[in-house]
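The structure appears below as structure tokens.
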Amino acid sequence: MLHNIHHAEALPPSLAALPPQTEEEARETLLALCWPDGGKACPRCHAKAPYQLAGGRLRCGGCRYTFHDYTGRWLNETGLSALKWIKLTQAFAAELSTRETAVEVGISYNTAFKALTVLRLAILSQGADARQFMGPGAPLHPLLGGPAQDEQRPPNAPLPVYGLLSRSKHIFVDLLPELTAESVLHFNHNFHLRVVRHGSILITDRYKSYDALILCGDENMPYHYLLRHPGHIFAESGGYPFWDYSRPRLRQFKGLSWRRFPLYLKELALRYNMRDEDFPRTLLAALCAFVPKFT
Ligand SMILES: [Zn+2]
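First residue of the sequence shown: 218, per the numbering used here; consecutive thereafter.
And the structure:
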């Protein structure tokens with residue numbers, strides 16, 4: 218699955234080196250990302266050149282819709298100011314914890330948690346496979362339209378399995394709807410597919426074209442199985458660069474749930490893939506994109 222997240226050419230250069238210091242500068246940075254070619258358009262009918270109303274609002278000449286610069290975009294999902302969003306993406310890029318991010322940005326822990334969830338959803342929504350992860354019935358669909366609290370997994374709902382695929386220096390995370398946790402345990406038990414457990418996360422050795430399969434369990438399934446398999450490194454595979462990169466990072470994600478797990482997997486893949494690039498700018502571009510509508 219290729220990702221179309223590298224659409225940041227029209228953006229202000231070297232954001233990482235010279236971040237905006239004032240609310241006004243921050244707002245200009247975000248506006249340049251929201252309207253990369255300068256011209257504004259209606260988020261509902263895409264008609265160009267809306268009327269400027271008082272208070273920064275805009276009205277579409279075609280469908281009469283009244284909106285503002287951030288309407289329908291990820292960064293409109295919380296009440297953070299432009300400068301706080303920019304500080305939050307910098308804290309995220311620097312791998313600060315949620316608590317450290319809250320202090321750094323000057324917001325409450327809960328606000329930081331919600332905003333970081335929005336940022337992770339924005340990252341995932343940039344992928345060509347976003348519908349698979351966020352569409353109706355997908356694990357993340359309940360978090361769209363305001364990150365809701367995690368629900369319990371319905372008793373008979375399968376635990377999703379993800380495939381990790383590396384191609385040259387990039388890693389891809391695919392949702393594999395044809396596989397469930399049960400099938401992975403079956404491969405392990407009957408076909409000697411090796412598994413390693415780290416907390417509630419199970420990772421396998423190579424499977425078909427995938428470098429590994431990975432899943433996040435919960436207190437029901439497959440926890441008892443997981444308890445019998447303490448973590449150890451695969452002896453024969455000679456290590457797996459992305460997993461070596463991810464393991465210490467996943468450990469920091471406390472209370473990682475099966476539902477949120479793909480957000481963190483996609484985040485880690487993007488971090489890994491962008492380790493030599495301007496990560497904060499990519500994050501802001503994702504936040505300024507429109508929230509997709511899946512029906
Ligand atoms: Zn319109």
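No residue lacks a Cβ here, since even glycine has one placed at the ideal position from N, Cα and C.
Could you check where the beta strand (DSSP E) with residue i kicks off and where it finishes?
i, result
"Ile388", "His387 to Thr397"
"Tyr481", "Segment Phe478 to Asn490 is the alpha helix (DSSP H) holding Tyr481; no beta strand (DSSP E) there."
"Ser383", "Pro377 to Arg384"
"Leu432", "Ala429 to Cys433"
"Leu336", "Element bounds for Leu336: not the beta strand (DSSP E) but the alpha helix (DSSP H), Tyr326 to Ser342."
"Leu419", "Ile418 to Thr421"
"Arg414", "Val412 to His415"
Does the beta-carbon distance from residue i to residue j come in below 9 Å?
i, j, result
"Thr306", "Leu500", "yes"
"Tyr428", "Ser400", "The question names Tyr, but residue 428 is Asp in the sequence shown. No."
"Val335", "Thr283", "no"
"Pro356", "Pro509", "no"
"Ala486", "Val390", "yes"
"Tyr212", "Phe511", "What the structure shows of the chain is the stretch from 218 to 512, and residue 212 is not part of that stretch, so it cannot be assessed."
"Lys301", "Leu275", "no"
"Glu484", "Ile324", "no"
"Ala311", "Ala243", "no"
May I ask you to check if the CB of residue i is nearer than 8 Å to at least one heavy atom of ligand 1?
i, result
"His263", "yes"
"Tyr268", "no"
"Arg281", "yes"
"Cys277", "yes"
"Cys259", "yes"
Have a look at residue i and residue j and give me their C-alpha separation to the nearest angstrom.
i, j, result
"Arg423", "Gln343", "27 Å"
"Val320", "Leu376", "35 Å"
"Pro353", "Leu360", "11 Å"
"Ala398", "Ala249", "44 Å"
"Ile303", "Ser474", "27 Å"
"Ala329", "Ser314", "10 Å"
"Gly416", "Asp461", "15 Å"
"Asp495", "Gly278", "37 Å"
"Leu430", "Thr288", "38 Å"
"Pro236", "Arg337", "21 Å"
"Phe507", "Asn407", "46 Å"
"Leu292", "Thr421", "36 Å"
"Arg281", "Pro260", "11 Å"
"Leu396", "Arg468", "25 Å"
"Gly455", "Arg498", "Legend: pLDDT at Gly455 = 47, less than 50; position of this residue unreliable, value from coordinates given subsequently. The alpha-carbon atoms of Gly455 and Arg498 are separated by roughly 35 Å."
"Arg348", "Pro394", "13 Å"
"Val322", "Asp346", "31 Å"
"His263", "Gly255", "14 Å"
"Ala452", "Leu297", "Note that Ala452 has pLDDT 47, beneath the 50 cutoff, so the model's placement of it is unreliable and the number below is only indicative. Roughly 47 Å between the two C-alpha positions."
"Arg411", "His387", "24 Å"
"Lys425", "Leu419", "17 Å"
"Arg492", "Ala271", "43 Å"
"Ala308", "Thr318", "6 Å"
"Gln269", "Trp252", "15 Å"
Between which two residues does the alpha helix (DSSP H) harbouring residue i extend?
i, result
"Ile303", "Ala299 to Ala310"
"Gln318", "Before going further, note that residue 318 is Thr rather than Gln in the sequence given. Its alpha helix (DSSP H) spans residues Thr315 to Val322."
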